[in-house]
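Last residue of the sequence shown: 419 (the UniProt record's numbering), numbering continuous.
For glycine and all other residues, C-beta sits at the position ideal for the given N, C-alpha and C.
As the structure is a prediction and not an experimental result, all values here were calculated from the model.
One structure below.
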Amino acid sequence: MPNIEDITVQNSNAERKSYVVVGAILSCSNGSKVSRLKMPFSHGVFVKGKPQMNIMDFIPNVNIMPFGKCSSLKNPAVASATAANNGVLTPMPCTPLTTMPWIDGKADKVVGDHPALLNKSTNMCFHCGLIKIEDDGQDLSGVTIGVQSQAQSVPSESGFGQGPACKKPQEKPTMWDNFVKGISKLGDVPAAMQKATSELPGALEKSANDLPKGLQKAAEDLPKGVGVFVREGYIEPMQEDIDTLRDDTINIADGIAIGGLALQALTLGRSKNIKDLIDAAKKGKKVQRNIQQNLYRRTSNTGEFKDLSEPMQLRHVEKVAEDAGIGLKGIKIEINRDAELVGKDLYGWADPKGNRIILYPDAFSNKENLVKTLGHERIHIYQTKTFGKPQDHEMLLEFEKGAYGSEDSWWEYYKRKRR
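Written as structure tokens, this is what we have:
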């Protein structure tokens, strides 16, 4: 059996890095207990006789187990229980919700086709808990499974990398936090009020549908497959309304996400500049479905696509995905050859049904963009199959952050394998 021993444990003033194995100790900044990292099957690589983990071992309740009780008000169960308890924080049983691979793995050491997991790697729960590796599991010295110390329970002051951008408790409270604080002053909360507190977040987002009918005129003839419905005069007014409701700053991309959800037209895609897409869509240009064969060849592109360095060919896409460790089994790949989308910084889209990825022309602008787009959309396929289609814009944005957070790992793996 393979055995990796080149990272050794030694005393040093600098923080050491080590490989993580089954049974490693994990902590969550919002959890009451630590837990062990698990895996159902070995990747075939061992350290000190123990199965080694990789960055893709992040599946909730398979790899990452519950951390006792959750105290995050971002968790609807905790927020509802806290409101019902007159604003007194009421922790509820933890249900870990990780939506992205571990951050900061070791790209040049592969375990089961993916970068090895290191003890300095981190992850984020959907409910804004920072998940850290307290012990790599190789020796488990000085670590006891049980209640976390106060030091472990305090959220890290360091950045969360490319994981979900969750607010720390000491920062500006959200509208929901203010609501919970305000309702606690009422004394005994009637049953009807308790019900209202639990339903408030959904009701606020639903209110986005109640805009004047004149602002809801649909923009016709959007490129098929983009999945984004842009409404004339709708995005900017709605942005102001939602800013007022949510006590947060919402940019144009967030507005589109909310608008899409209001119309049940969820977008799970990779796009550098959404505003460019809006401008193209408002021109009313349709997708040209009958593109002549001579616009692309087996090894290069011609015509409107001649400046795209990667061949717009399924065989090439499948080869790149294989080299990047991106599994496409059971997933249909479609290549959109609409010349009007060249240079619009629109790269890809994942069908929320979980079985189809559409690649747009700019995904083929260079190898890095193609690899990152495939990896990005593959994470979305996993997310929708595991957690279902996002039902609100917060979940949608967390999905996007998870997908973007995985891109560098796919690219680093591809480069290492091609050396």
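Subject >> Span of the alpha helix (DSSP H) around L314 >> reply: 314–323
Original post:
Exposed or buried, what is L346 when buried is set at 16 or more other beta-carbons lying within 10 Å of its beta-carbon?
Top reply: buried
**OP:** List the whole-angstrom C-beta distance separating V45 from G112, where the pair is believed to meet the contact cut-off of C-beta under 8 Å.
**Re:** 7 Å
Original post:
So, D57 versus L130, is the Cβ gap smaller than 8 Å?
Top reply: no
Subject >> Residue of N336, G137, V78, H316 minimising C-alpha distance to K120 >> reply: G137
Subject >> Presumed contact (8 Å Cβ cut-off) between M312 and F387, rounded CB distance >> reply: Rounded, the Cβ-Cβ distance is 32 Å, inconsistent with contact.
Subject >> Spatially closest choice to F126 from P390, E407, E412, by CA coordinates >> reply: P390
Original post:
The beta strand (DSSP E) spanning V111 covers which residue range?
Top reply: 106–111
**OP:** Quick one: residues in its chain with C-beta nearer than 7 Å to the C-beta of D307, no 5 flanking neighbours on either side, listed in chain order?
**Re:** none
Original post:
Quick one: is K319 buried, meaning 16 or more other Cβ sit within 10 Å of its Cβ, or exposed?
Top reply: exposed
Original post:
Roughly how many angstroms separate the alpha carbons of residue 423 and P91, rounded to a whole number?
Top reply: Residue 423 cannot be examined here, being either before or after the span of the chain that is shown, 1 to 419.
Original post:
Should the region 389–404 be called in touch with the region 94–107, which here means at least 3 C-beta pairs below 8 Å?
Top reply: yes
Subject >> Rounded C-alpha distance that separates K33 from L73 >> reply: 17 Å
**OP:** Give every residue of the same chain whose Cβ lies closer than 7 Å to the Cβ of P51, excluding the five residues on either side of it in the sequence, and list them in chain order.
**Re:** V21, V22, M39, S42, H43
Original post:
Are the Cβ atoms of Y413 and H114 separated by less than 8 Å?
Top reply: yes
**OP:** Kindly list the residues whose CB is nearer than 7 Å to the CB of V371, restricted to its own chain and excluding five residues on each side of it in sequence; keep chain order.
**Re:** V320, A324, W410, W411, Y414
Original post:
What is the DSSP secondary structure of H380, reduced to helix, strand or coil?
Top reply: helix
**OP:** Compute the Euclidean distance between the alpha carbons of I25 and K109, then round it to the nearest angstrom.
**Re:** 21 Å
Subject >> Min CB distance L328 to chain B below 8 Å >> reply: In the displayed structure, chain B is absent; only one protein chain is listed.
Original post:
Looking only at its own chain, which residues have a Cβ that is under 7 Å from the Cβ of L89, when we skip the five neighbours before and after it?
Top reply: S71, T82
Subject >> Alpha carbon of S406 to alpha carbon of N85, nearest angstrom >> reply: 39 Å
Original post:
Can you give the beta carbon distance from G354 to T384, rounded, assuming they're within the 8 Å contact cut?
Top reply: 5 Å
Original post:
Where G49 and S80 are concerned, what is the direct C-alpha to C-alpha distance, given to the nearest angstrom?
Top reply: 45 Å
**OP:** Please check the pair E377 and A350, which I expect to be a contact at CB under 8 Å, by giving their CB distance rounded to whole angstroms.
**Re:** 4 Å
Subject >> With 16 other Cβ atoms within 10 Å as the buried cut-off, status of N366 >> reply: exposed
Original post:
Pick from K106, E322, L37: whose alpha carbon is nearest that of I59?
Top reply: L37
**OP:** Would you mind stating whether G379 and I357 have Cβ atoms separated by less than 8 Å?
**Re:** Per the sequence shown, residue 379 should be read as Ile rather than Gly. No.
Original post:
Looking only at C-alpha atoms, which of K417, R315, G31 sits nearest to V78?
Top reply: G31
Original post:
Which term fits R418, buried or exposed, when burial requires 16 or more other beta carbons within 10 angstroms of its beta carbon?
Top reply: exposed
Original post:
Grouping DSSP H, G and I as helix and E and B as strand, with all else coil, what is M53?
Top reply: coil
Subject >> Nearest-angstrom Cα separation, counted from N369 out to E340 >> reply: 19 Å
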